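Before any comments, here is the structure.
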Amino acid sequence: MSENAKLDVVGIGNAIVDIVATADDALLEEQGIIKGAMNLIDQDRADALYDVMGPAIERSGGSAGNTMAGIASLGGKGGYFGKVRDDQFGQVFRHDIRAEGVEFNTEAATDGPSTARCLIFVTPDAERSMNTYLGACVNLTVTDIDEEMIKSAKVTYMEGYLWDPEEAKKAFIHASKTAHAAGRKVSLTLSDSFCVGRHRESFLNLVNNYVDILFANEEEAMALFEVDNFDAVLQEVRGCCSVAAITRGEKGSVVCAGDEVHVVDAIPVEQVVDTTGAGDLYAAGFLYGYTNGYNLYDSGRIGSIAAAEVISHFGARPETSLAELVEEKLK
Numbered sequence: 018m019s020e021n022a023k024l025d026v027v028g029i030g031n032a033i034v035d036i037v038a039t040a041d042d043a044l045l046e047e048q049g050i051i052k053g054a055m056n057l058i059d060q061d062r063a064d065a066l067y068d069v070m071g072p073a074i075e076r077s078g079g080s081a082g083n084t085m086a087g088i089a090s091l092g093g094k095g096g097y098f099g100k101v102r103d104d105q106f107g108q109v110f111r112h113d114i115r116a117e118g119v120e121f122n123t124e125a126a127t128d129g130p131s132t133a134r135c136l137i138f139v140t141p142d143a144e145r146s147m148n149t150y151l152g153a154c155v156n157l158t159v160t161d162i163d164e165e166m167i168k169s170a171k172v173t174y175m176e177g178y179l180w181d182p183e184e185a186k187k188a189f190i191h192a193s194k195t196a197h198a199a200g201r202k203v204s205l206t207l208s209d210s211f212c213v214g215r216h217r218e219s220f221l222n223l224v225n226n227y228v229d230i231l232f233a234n235e236e237e238a239m240a241l242f243e244v245d246n247f248d249a250v251l252q253e254v255r256g257c258c259s260v261a262a263i264t265r266g267e268k269g270s271v272v273c274a275g276d277e278v279h280v281v282d283a284i285p286v287e288q289v290v291d292t293t294g295a296g297d298l299y300a301a302g303f304l305y306g307y308t309n310g311y312n313l314y315d316s317g318r319i320g321s322i323a324a325a326e327v328i329s330h331f332g333a334r335p336e337t338s339l340a341e342l343v344e345e346k347l348k
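Residue numbers (this note's numbering): 18 to 348.
See below:
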């Protein structure tokens with residue numbers, strides 16, 4: 018990887034505060050919350066649900082934020098761009114992601130929507146019912162992108178969820194051009210098959226013209242290339258970017274770069290508690306390996322180790338040192 022880089026990876030994504038509390042089915046029914054679903058809500062609904070939540074854990078979240086926290090847990094050096102408001106939840110996000118060891122200097126908005134939050138009700142059967150207010154996070158613009166931070170990172174990693182707003186698209190393209198002009202790499206996670214469905218043509222253009230390292234799960238990749246089997250995915254993806262890592266749940270992942278193809282097994286987990294963040298942490302492990310001199314296969318293995326840790330407990334952030342886990346399992 019590039020020499021004289023200050024950071025391994027800088028992430029760009031939706032800056033969301035996760036608010037997690039336990040609840041019973043009666044509360045969900047009373048509040049009209051669809052169990053196990055992710056519902057987009059407005060500010061009034063977010064405020065009302067927050068008022069009826071029990072004691073909660075509040076911490077920085079969002080897909081790329083989770084990835085950057087994973088990289089920090091592995092011992093990597095990361096930065097993050099995401100938009101928050103100058104309010105209580107914005108302060109929670111800023112404090113928390115910095116406490117994880119991630120550089121975060123995006124200026125808070127002083128007007129407009131409040132900081133994004135995801136109110137998560139966890140029932141005794143381990144189902145997570147998520148209610149997301151996007152708020153300020155969708156208002157990231159080109160002016161929020163610090164070119165010097167992009168130039169200082171080996172890889173710029175972008176979250177597909179943020180591809181919806183037009184101004185954020187411009188920020189992605191600007192960051193990608195800045196990274197490439199500095200001889201750096203650009204990475205994208207497709208995030209969600211519905212997201213791919215909304216933006217298939219523009220995602221293809223982004224992948225073909227700007228992306229060096231692509232992350233997707235099997236379903237997202239099939240949606241992007243409009244194919245119905247995994248072999249066809251591999252044929253398509255090898256022609257559109259330098260490196261692709263396609264995750265397949267319990268089947269592990271496949272990493273390919275041109276004619277080089279690696280099948281990486283999933284790491285067995287005694288009990289899968291919560292799959293939230295599995296893809297985010299796989300990307301963290303892979304990018305940490307990739308930017309720190311590991312080969313593609315071992316980078317994929319580090320991704321599997323990180324994903325296995327996060328699905329073994331509630332929450333989308335590591336609870337134990339990923340650096341220690343990797344050292345133990347890569348022996």
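Think of the CB as a built atom: it goes at the ideal place given N, C-alpha and C, for glycine as much as any other residue.
Just so you know, these numbers come straight off a predicted model, no measurement behind them.
{"Check": "Could you pull out every unbroken alpha helix (DSSP H) segment of at least 4 residues lying fully inside the region 58-114, listed in chain order?", "Outcome": "60-69, 80-90"}
{"Check": "Run the CB neighbour count on residue 116, radius 10 Å, all protein chains shown included, and call it buried at 16 or more, exposed below.", "Outcome": "exposed"}
{"Check": "Determine which residues share a DSSP beta bridge with residue 134 and list them.", "Outcome": "34, 150"}
{"Check": "With three or more beta-carbon pairs closer than 8 Å as the criterion, would you say the region 98-117 touches the region 32-40?", "Outcome": "yes"}
{"Check": "Starting from residue 206, follow its DSSP beta bridges and name the residues at the other end.", "Outcome": "176, 232"}
{"Check": "Check whether the Cβ atoms of residue 323 and residue 118 lie closer than 9 Å to each other.", "Outcome": "no"}
{"Check": "Measuring alpha carbon to alpha carbon, tell me which of 338, 162, 347, 342 ends up nearest residue 189.", "Outcome": "162"}
{"Check": "Given residue 281, which residues of its chain have a CB within under 8 Å of its CB, disregarding the five upstream and five downstream residues?", "Outcome": "269, 270, 271, 272, 314, 317, 318, 320, 321"}
{"Check": "Residues bridged to residue 24 by DSSP?", "Outcome": "170"}
{"Check": "To the nearest whole angstrom, what separates the beta carbons of residue 290 and residue 143, a pair I think is in contact under 8 Å?", "Outcome": "6 Å"}
{"Check": "Cβ of residue 181 within 9 Å of Cβ of residue 212?", "Outcome": "yes"}
{"Check": "Consult DSSP for residue 144 and reduce its assignment to one of helix, strand or coil.", "Outcome": "coil"}
{"Check": "Report the CB separation of residue 51 from residue 75 in whole angstroms; it is logged as a contact under 8 Å.", "Outcome": "That pair is no contact at about 23 Å."}
{"Check": "What does the alpha-carbon distance come out to for the pair residue 158 and residue 130?", "Outcome": "15 Å"}
{"Check": "Is it the case that the Cβ atoms of residue 278 and residue 251 are separated by a distance below 9 Å?", "Outcome": "yes"}
{"Check": "Confirm, please, whether the CB-CB distance from residue 28 to residue 175 is below 9 Å.", "Outcome": "yes"}
{"Check": "Along the alpha helix (DSSP H) that carries residue 123, what are the first and last residues, could you check?", "Outcome": "Unbroken run through residue 123: none, as it is neither H nor E."}
{"Check": "Quick test of the definition: if touching needs 3 or more C-beta pairs under 8 Å, does the region 222-240 touch the region 202-210?", "Outcome": "yes"}
{"Check": "Does residue 116 come out as helix, strand or coil in the three-state DSSP assignment?", "Outcome": "helix"}
{"Check": "By Cβ distance below 6 Å, which residues in the same chain neighbour residue 139 in space, the five residues on each side in sequence not counted?", "Outcome": "39, 145"}
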